[in-house]
Amino acid sequence: YDFQKSPDGHDCLEKTYYFTKYAGIFGAVFSFYEAALFSKPTTVYGTLARFGRFTLPFAGMGFVFGSSVCVLAHLRKKNDVPNHVIAGALAGSIWGFKYNSVRIGHTWGLFFAILAGYIKFFEMNKIPMLNRAPEWITQNRPNLHWGIKLYDDPGRPDEA
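Counting from 1, position 51 in the sequence shown corresponds to residue 147 in the numbering used here; the numbering is continuous, with no gaps.
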(Lines of atoms letter the chains of each structure in order from A and count residues from 1; the text may use other names and numbers.)
(Lines give C-alpha, C1' and ligand atoms only; values in the text may rest on other atoms or scores of the structure.)
Protein backbone atom coordinates (compact mmCIF):
# COMPACT_ATOMS: atom_id res chain seq x y z
CA TYR A 1 0.00 0.00 0.00
CA ASP A 2 1.45 3.35 -1.01
CA PHE A 3 0.19 5.85 1.54
CA GLN A 4 1.50 8.81 -0.47
CA LYS A 5 -0.86 8.13 -3.40
CA SER A 6 -3.85 9.67 -1.63
CA PRO A 7 -3.82 12.99 0.23
CA ASP A 8 -3.96 13.23 4.00
CA GLY A 9 -7.46 12.69 5.31
CA HIS A 10 -8.36 10.06 2.68
CA ASP A 11 -8.12 6.28 3.15
CA CYS A 12 -7.68 6.83 6.89
CA LEU A 13 -8.37 3.26 7.95
CA GLU A 14 -5.94 1.82 5.39
CA LYS A 15 -3.20 4.30 6.32
CA THR A 16 -3.61 3.70 10.04
CA TYR A 17 -3.56 -0.05 9.47
CA TYR A 18 -0.44 0.30 7.29
CA PHE A 19 1.50 2.29 9.88
CA THR A 20 0.36 0.09 12.77
CA LYS A 21 1.22 -3.12 10.95
CA TYR A 22 4.69 -2.12 9.79
CA ALA A 23 5.62 -0.39 13.04
CA GLY A 24 4.51 -3.51 14.91
CA ILE A 25 6.60 -5.70 12.60
CA PHE A 26 9.59 -3.43 13.14
CA GLY A 27 9.00 -3.61 16.89
CA ALA A 28 8.84 -7.42 16.75
CA VAL A 29 12.12 -7.61 14.84
CA PHE A 30 13.70 -5.12 17.23
CA SER A 31 12.40 -7.19 20.17
CA PHE A 32 13.83 -10.36 18.69
CA TYR A 33 17.31 -8.87 18.39
CA GLU A 34 17.09 -7.20 21.78
CA ALA A 35 16.10 -10.48 23.44
CA ALA A 36 18.70 -12.52 21.55
CA LEU A 37 21.65 -10.14 21.93
CA PHE A 38 21.13 -8.10 25.09
CA SER A 39 18.58 -9.26 27.68
CA LYS A 40 18.77 -13.02 26.92
CA PRO A 41 15.69 -14.17 28.86
CA THR A 42 15.80 -17.74 30.13
CA THR A 43 12.07 -18.58 30.28
CA VAL A 44 9.25 -18.52 27.76
CA TYR A 45 7.41 -15.97 29.89
CA GLY A 46 10.49 -13.75 30.00
CA THR A 47 10.88 -13.99 26.23
CA LEU A 48 7.23 -13.05 25.62
CA ALA A 49 7.53 -10.17 28.08
CA ARG A 50 10.56 -8.85 26.19
CA PHE A 51 8.65 -9.04 22.92
CA GLY A 52 5.76 -7.07 24.39
CA ARG A 53 8.13 -4.51 25.87
CA PHE A 54 9.03 -3.10 22.44
CA THR A 55 6.49 -4.51 19.98
CA LEU A 56 3.47 -2.85 21.60
CA PRO A 57 4.99 0.66 21.85
CA PHE A 58 6.16 0.51 18.23
CA ALA A 59 2.71 -0.63 17.08
CA GLY A 60 1.21 2.14 19.23
CA MET A 61 3.47 4.67 17.55
CA GLY A 62 2.25 3.52 14.14
CA PHE A 63 -1.36 3.74 15.24
CA VAL A 64 -0.93 7.20 16.76
CA PHE A 65 0.91 8.48 13.69
CA GLY A 66 -1.58 7.14 11.15
CA SER A 67 -4.68 8.22 13.03
CA SER A 68 -3.36 11.66 14.00
CA VAL A 69 -2.34 12.46 10.40
CA CYS A 70 -5.91 11.69 9.40
CA VAL A 71 -7.49 13.68 12.23
CA LEU A 72 -5.20 16.66 11.63
CA ALA A 73 -5.97 16.63 7.91
CA HIS A 74 -9.70 16.69 8.66
CA LEU A 75 -9.32 19.47 11.24
CA ARG A 76 -6.94 21.65 9.23
CA LYS A 77 -8.40 20.82 5.79
CA LYS A 78 -4.85 20.72 4.38
CA ASN A 79 -2.44 18.12 3.01
CA ASP A 80 0.92 19.50 4.08
CA VAL A 81 4.03 19.07 6.21
CA PRO A 82 2.69 20.31 9.60
CA ASN A 83 0.23 17.39 9.74
CA HIS A 84 3.13 14.97 9.64
CA VAL A 85 5.32 17.02 11.99
CA ILE A 86 2.61 17.07 14.67
CA ALA A 87 1.79 13.39 14.10
CA GLY A 88 5.49 12.51 14.38
CA ALA A 89 5.73 14.40 17.66
CA LEU A 90 2.67 12.59 19.00
CA ALA A 91 4.05 9.22 17.89
CA GLY A 92 7.42 9.91 19.51
CA SER A 93 5.74 10.87 22.76
CA ILE A 94 4.70 7.21 23.16
CA TRP A 95 8.24 6.57 24.45
CA GLY A 96 7.73 9.27 27.07
CA PHE A 97 4.61 7.47 28.29
CA LYS A 98 6.42 4.14 28.21
CA TYR A 99 9.33 5.30 30.36
CA ASN A 100 7.28 7.87 32.35
CA SER A 101 9.73 10.60 31.37
CA VAL A 102 8.96 13.98 29.84
CA ARG A 103 12.55 14.32 28.61
CA ILE A 104 12.44 11.03 26.70
CA GLY A 105 9.03 11.91 25.25
CA HIS A 106 10.25 15.29 24.05
CA THR A 107 13.46 13.87 22.61
CA TRP A 108 11.78 11.10 20.63
CA GLY A 109 8.88 13.38 19.72
CA LEU A 110 11.27 15.93 18.25
CA PHE A 111 13.19 13.21 16.40
CA PHE A 112 10.08 11.68 14.82
CA ALA A 113 8.58 15.11 14.09
CA ILE A 114 11.66 16.12 12.11
CA LEU A 115 11.83 12.74 10.37
CA ALA A 116 8.14 12.75 9.38
CA GLY A 117 8.32 16.39 8.27
CA TYR A 118 11.31 15.77 6.03
CA ILE A 119 9.76 12.66 4.48
CA LYS A 120 6.51 14.52 3.73
CA PHE A 121 8.45 17.51 2.37
CA PHE A 122 10.46 15.24 0.06
CA GLU A 123 7.31 13.47 -1.15
CA MET A 124 5.40 16.72 -1.75
CA ASN A 125 8.26 18.25 -3.75
CA LYS A 126 9.08 15.03 -5.64
CA ILE A 127 12.61 14.88 -4.23
CA PRO A 128 13.88 11.29 -4.47
CA MET A 129 14.77 9.72 -1.16
CA LEU A 130 17.62 7.31 -0.58
CA ASN A 131 15.63 4.17 -1.30
CA ARG A 132 13.79 5.38 -4.39
CA ALA A 133 15.01 6.18 -7.87
CA PRO A 134 13.35 9.08 -9.69
CA GLU A 135 10.37 8.07 -11.79
CA TRP A 136 11.99 9.22 -15.04
CA ILE A 137 14.70 6.59 -14.46
CA THR A 138 12.42 3.67 -13.63
CA GLN A 139 9.52 4.28 -16.04
CA ASN A 140 11.14 2.40 -18.94
CA ARG A 141 13.38 0.10 -16.88
CA PRO A 142 11.28 -2.37 -14.86
CA ASN A 143 14.42 -4.05 -13.53
CA LEU A 144 15.13 -0.87 -11.56
CA HIS A 145 11.83 -1.12 -9.69
CA TRP A 146 12.99 -1.99 -6.19
CA GLY A 147 9.67 -2.94 -4.66
CA ILE A 148 9.53 -6.32 -2.97
CA LYS A 149 6.63 -8.43 -4.20
CA LEU A 150 6.36 -11.71 -2.33
CA TYR A 151 3.13 -12.92 -3.93
CA ASP A 152 0.39 -11.78 -6.28
CA ASP A 153 -2.37 -10.22 -4.24
CA PRO A 154 -5.70 -11.39 -5.69
CA GLY A 155 -7.51 -8.36 -4.29
CA ARG A 156 -5.37 -5.87 -6.15
CA PRO A 157 -5.05 -5.20 -9.90
CA ASP A 158 -1.81 -6.47 -11.42
CA GLU A 159 0.99 -3.96 -10.79
CA ALA A 160 3.32 -5.13 -13.56
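Just so you know, even glycine gets a beta-carbon here, dropped at the ideal spot from N, CA and C.
In this text the structure is predicted, and so the values were computed from the model without any measurement.
Beta-carbon gap between residue i and residue j smaller than 8 Å
i	j	result
residue 123	residue 161	no
residue 120	residue 158	yes
residue 177	residue 213	yes
residue 105	residue 202	no
residue 99	residue 114	yes
residue 103	residue 175	yes
Three-way DSSP call (helix, strand, coil) for residue i in this model
i	result
residue 157	helix
residue 205	helix
residue 213	helix
residue 106	coil
residue 175	coil
residue 220	helix
residue 138	coil
residue 122	helix
residue 127	helix
residue 99	coil
Own chain, CB closer than 7 Å to residue i, minus 5 neighbours either side, in chain order
i	result
residue 190	153, 156, 157 and 160
residue 112	159, 162, 163 and 166
residue 172	179
Contacts around residue i, its chain only, beta-carbon distance under 6 Å, and the 5 residues preceding and following it disregarded
i	result
residue 205	185, 188 and 189
residue 218	225
residue 147	127
Cβ neighbour criterion (16 or more within 10 Å) applied to residue i
i	result
residue 180	buried
residue 223	exposed
residue 139	exposed
residue 136	exposed
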